[in-house]
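Engineer:
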Amino acid sequence: MSTNSRPKRYLLLPCYPTTSSDDDLLLTNVSIDELDESQLIQRQLFGYHQPTTYQNDHEQWIDSLSQSWNIHRDILQFNLKKMLTLLDQLAYKRMYHFSTHPQEETLYEDEYKIALEFYLQMDYNLFYMKTCSYRGAQPIINRPSSIFSTNERPPYGRYTMEACHQKSCSLCYPSRQIESKSTVQHIFVNGYRSILNCPATCTTQNIIYVLTCPCKQFDYIGETSVSLPQRLTYHRKHGNRIIKEFLLGKKLTNYINGDTIKSYETLVKDRMKLYQHLCYCSVAMQHFLDENPDYWSFIPQRLTVYEEQEQEREIKFVDHHQYQFANDVPVPTNMNYHFTTEQKLNIEEFFQQKKYLTQSNSHFDFYQASIIAVLPEKASSVLRRFVETLFITHAQTKLNTFGHLDADDSSIRVQSNGELCYENLVRPSI
Ligand SMILES: [Zn+2]
Ligand SMILES: [Zn+2]
């Protein structure tokens with residue numbers, strides 16, 4: 001790969017401190033026989049732990065990590081600095097965007113080790129944590145035992161996310177949504193691969209998770225201190241609300257809400273690409289409509305020129321009905337979208353019978369969810385967010401509004417073709 005064609009995230013990866021060329025990626029997940037000659041020499045000469053004497057506490061700390069991961073102390077020192085730059089970058093971005101205080105953005109002293117452990121084992125196209133030793137995980141023993149992959153076996157997953165089988169769990173009940181085989185590793189939309197670092201179940205807390213749209217073109221990475229099903233309840237609530245508000249339009253949403261002003265939190269959610277995408281994705285919209293058939297009335301239909309003329313005639317001569325609500329439902333202005341007379345009547349009925357009060361199915365999720373990494377039980381939110389950010393950056397998830405370290409976040413845009421979600425929908429035949 002020539003230097004110019006490399007994506008910017010290449011520069012954020014761990015590397016050797018040896019030269020000024022940025023061709024020296026650390027490649028901890030690449031096995032010895034996959035290295036080219038110069039990479040192999042580099043690893044053999046400069047990669048592994050060397051005995052040394054140390055002067056102070058910091059040097060002692062570096063040396064103990066150098067021994068336990070069998071990696072050269074100079075590499076650790078160099079990449080610790082590199083990682084601290086990224087931590088700072090994230091902190092400044094958050095302070096700027098969310099007006100947080102510096103103390104809310106500072107890692108606990110004893111968490112630098114875990115942060116570094118994640119940072120060093122996130123390669124260009126694979127996250128594979130071989131050294132993990134918390135929450136039931138066992139470090140992988142290769143010879144030589146090391147943070148670097150050897151030839152003994154290719155990267156493989158040893159842990160799965162197991163179902164908890166509890167009736168209260170939305171991932172296990174009413175239908176199992178977890179296939180343990182598929183939870184060993186995850187492949188993101190951009191092809192980035194991650195292997196689960198700890199055993200997990202639906203009840204595991206302090207995790208990084210991924211949500212993938214059923215269209216398979218868009219994904220999102222999140223972090224949470226609670227469990228995945230608990231977190232999904234929250235996403236479900238906002239997803240359902242935003243998709244309904246999109247279909248009903250501003251005016252009728254205000255009518256339903258009695259003109260109450262939205263909270264700051266709700267307004268922030270409204271702007272999240274994760275939820276906005278649902279309104280532009282016909283696959284997600286189809287799932288929503290299959291679950292909530294009352295809302296078919298709000299999906300305008302595209303008419304041919306002939307049908308359009310017929311419709312106009314109908315309105316002129318037959319349809320004297322004054323629609324109270326149907327007139328306020330938004331219709332895309334171009335491409336001949338209309339509501340049929342039947343739909344308009346259904347919309348009136350929908351409001352008269354207050355069908356909008358019907359609760360959505362509390363087990364229905366728009367997105368396919370998986371745990372991708374487990375953090376220590378007591379991990380701070382700063383650590384969680386840092387690991388999340390590394391994943392967001394390397395998996396280049398398009399639905400994250402914030403967190404891409406290699407980009408100005410405003411430069412990542414969701415495809416927003418206002419008409420798109422209406423295309424390709426399959427209406428139920430009556
Ligand atoms: Zn469960
Ligand atoms: Zn989608």
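First residue of the sequence shown: 1, per the working numbering; consecutive thereafter.
Note that the Cβ used here is the ideal one computed from N, Cα and C, for glycine as well.
Quick one: what's got a C-beta closer than 6 angstroms to P199's C-beta in the same chain, skipping five residues either side?
Structural biologist: Within the same chain, P199 has close Cβ partners G136 and Y159.
Engineer: Classify R436: buried if its beta carbon has 16 or more other beta carbons within 10 angstroms, exposed otherwise.
Structural biologist: Within the shown structure, residues of the chain are numbered from 1 to 430, placing residue 436 beyond reach of any answer.
Engineer: Reducing DSSP to helix, strand and coil, say where S225 ends up.
Structural biologist: S225 falls in the strand class under three-state DSSP.
Engineer: Just to confirm, are L120 and I140 a CB contact at a threshold of 8 angstroms?
Structural biologist: The answer is no: Cβ separation not under 8 angstroms.
Engineer: Can you tell me whether D33 is buried or exposed, with buried defined as 16 or more other CB within 10 angstroms of its CB?
Structural biologist: Classification for D33: exposed.
Engineer: List the whole-angstrom C-beta distance separating T131 from E111, where the pair is believed to meet the contact cut-off of C-beta under 8 angstroms.
Structural biologist: Between E111 and T131 the Cβ distance is about 15 angstroms, and since that is not below 8 angstroms, they are no contact.
Engineer: Just to confirm the assignment: which complete alpha helix (DSSP H) runs, minimum length 4, are found wholly within the region 87 to 120?
Structural biologist: Entirely contained in the region 87 to 120, the alpha helix (DSSP H) runs reaching 4 residues are, in chain order, 112 to 120.
Engineer: For H394, write down the residues that DSSP places opposite it in a beta bridge.
Structural biologist: For H394, which the question treats as bridged, DSSP gives no partner whatsoever.
Engineer: What's the gap between the Cα of I256 and the Cα of T203?
Structural biologist: Distance between the alpha carbons of I256 and T203: 36 angstroms.
Engineer: How about L76 and K113: do their beta carbons lie closer than 8 angstroms?
Structural biologist: Their beta carbons are not under 8 angstroms apart, which means L76 does not touch K113 by this criterion.
Engineer: Taking the straight line between their C-alpha atoms, what separation do you get for Q41 and G47?
Structural biologist: Reading off the sequence, residue 41 comes out as Ile, not Gln. So the two alpha carbons sit approximately 9 angstroms from each other.
Engineer: Figure out for me which residue from N240, L171 and E291 has the closest Cα to the Cα of R427.
Structural biologist: Nearest option by C-alpha distance: E291.
Engineer: V283 lies in the beta strand (DSSP E); which residues open and close that run?
Structural biologist: Note, V283: premise wrong, no beta strand (DSSP E); alpha helix (DSSP H) at S282 to E291.
Engineer: Between the beta-carbon of I243 and the beta-carbon of L274, is there less than 8 angstroms?
Structural biologist: For I243 and L274, no; Cβs fall outside 8 angstroms.
Engineer: Please report the straight-line C-alpha distance between F78 and S99, rounded to a whole angstrom.
Structural biologist: Whole-angstrom Cα-Cα distance: 31 angstroms.
Engineer: What is the rounded straight-line gap between the Cα of S362 and the Cα of D24?
Structural biologist: Between S362 and D24, the C-alpha separation is close to 50 angstroms.
Engineer: Please indicate yes or no: does the CB of H277 lie closer than 7 angstroms to some heavy atom of ligand 2?
Structural biologist: At least one heavy atom of ligand 2 is nearer than 7 angstroms to the Cβ of H277, so yes.
Engineer: For the alpha helix (DSSP H) containing T266, list its first residue and its last residue.
Structural biologist: Where T266 is concerned, the enclosing alpha helix (DSSP H) stretches over Y264 to D270.
Engineer: Closest to G191 by CA distance: which of Y295, Y92, F127 and K237 is it?
Structural biologist: Among Y295, Y92, F127 and K237, the Cα nearest to that of G191 is on F127.
Engineer: For a test of your reading of the model: does the CB of F218 fall under 7 angstroms from any non-hydrogen atom of ligand 2? Yes or no.
Structural biologist: F218: yes, Cβ under 7 angstroms from ligand 2.
Engineer: What do you get for S149, buried or exposed, if any count of 16 or more other CB atoms within 10 angstroms of its CB means buried?
Structural biologist: Answer is buried; the Cβ neighbour count reaches 16.
Engineer: Between the region 294 to 305 and the region 336 to 353, can you find at least three pairs of beta-carbon atoms closer than 8 angstroms?
Structural biologist: Yes, they touch.
Engineer: My understanding is that P214 touches A326, with C-beta atoms under 8 angstroms, so please give their C-beta distance in whole angstroms.
Structural biologist: So it is not a contact: roughly 30 angstroms between Cβ atoms.
Engineer: Hey, is C281 close to ligand 2, as in C-beta under 7 angstroms from one of its heavy atoms?
Structural biologist: The answer is yes for C281.
Engineer: Quick one: is S227 buried, meaning 16 or more other Cβ sit within 10 Å of its Cβ, or exposed?
Structural biologist: S227 is buried by the Cβ-count criterion.
Engineer: Given a cut-off of 8 angstroms on the beta-carbon distance, is the pair D270 and L399 in contact?
Structural biologist: Not closer than 8 angstroms, so no.
Engineer: With distances taken Cα to Cα, identify the nearest neighbour of L13 among Y422, D36, L84 and H58.
Structural biologist: L13 has its Cα closest to that of L84, out of Y422, D36, L84 and H58.
Engineer: Checking the sheet assignment: what are the DSSP bridge partners for F127?
Structural biologist: F127 is bridged to M122 and S194.
Engineer: Between the Cα of I71 and the Cα atoms of Q50, K81, E59 and C164, which residue gives the shortest distance?
Structural biologist: That would be Q50, whose Cα lies nearest to the Cα of I71.
Engineer: Give me the Cα-Cα distance between M1 and A407, rounded to the nearest whole angstrom.
Structural biologist: In this predicted model, M1 has a pLDDT of only 49, less than 50, meaning its place in the structure is not dependable; the value taken from the coordinates is given anyway. M1 and A407: Cα-Cα distance of roughly 21 angstroms.
Engineer: Taking the alpha-carbon of H338 as reference, which of Q301, F366 and S360 has the nearest alpha-carbon?
Structural biologist: Looking at the Cα atoms, Q301 is the closest of the given residues.
Engineer: State the Cα-Cα distance for the pair N240 and F364, rounded to the nearest angstrom.
Structural biologist: Distance between the alpha carbons of N240 and F364 is about 10 angstroms.
Engineer: Is it right to say L87 is buried, meaning 16 or more other beta carbons lie within 10 angstroms of its own, or is it exposed?
Structural biologist: So L87 counts as buried.
Engineer: Taking the straight line between their C-alpha atoms, what separation do you get for M95 and Q89?
Structural biologist: Near 10 angstroms, if we compare the C-alpha coordinates of Q89 and M95.
Engineer: State buried or exposed for V268, treating a residue as buried only when at least 16 other CB atoms are found within 10 Å of its CB.
Structural biologist: Classification for V268: exposed.
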